[in-house]
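Below you'll find the structure, written out as structure tokens, and then a few comments.
Below, the structure is given as structure tokens:
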């Protein structure tokens, strides 16, 4: 499938907010209460917060587009922008989401190839991420890409403290 990866900037904040809310809801809506989901979407994907993240020089957002439509996005964090205290030799894939109809078409792999290219460009040795312990598709995808579990942390979704498995891969 023909696609393109485009770096986001502050002019893209409305599109980023829309795709962020849509993909998170599609991915996790059925397994969580509407109250917790709504609270998280409001907190995590408000425009002010997204603009702050976009403007952080240690965070990068990328859209993946097919047929001129946004199919998903990627968020990478370097250095002190990482959501957990990690080495400056590490790059975090904080978010990688695709619209449900665009999954299993190779687009997730293309986004990971972009993450690997950015890790190499910034001389990083390791890529890491967190995946919800009940996200079987995500865990299988990351394992297929060579990621291995190394720890866990709490992901707060509304009033529900959920467990994320932290996984890493050498670049």
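Numbering (the numbering used here), first residue to last: 261 to 431.
The C-beta atom is built at its ideal place from N, Cα and C for all residues, glycine as well.
For clarity, every value in this text was computed on a predicted model and none was experimentally measured.
Around the Cβ of residue 361, a 10 Å sphere holds fewer than 16 other Cβ atoms; the residue is exposed. Scanning 364, 338, 416 for the CA closest to the CA of residue 261 turns up 364. Residue 419 counts as exposed, since fewer than 16 other C-beta atoms from the protein chains shown sit within 10 angstroms of its C-beta. Between residue 267 and residue 323, the alpha-carbon positions lie close to 6 Å from each other. Leaving aside the five residues that flank residue 291 on each side, the residues in its chain whose CB is nearer than 8 Å to its CB run, in chain order, 394. A direct Cα-Cα distance of roughly 7 Å separates residue 380 from residue 431. Residue 350 has its alpha-carbon roughly 6 Å from the corresponding atom of residue 385.
In its chain, beyond the 5 residues on either side, 303 have a beta carbon closer than 8 Å to the beta carbon of residue 309.
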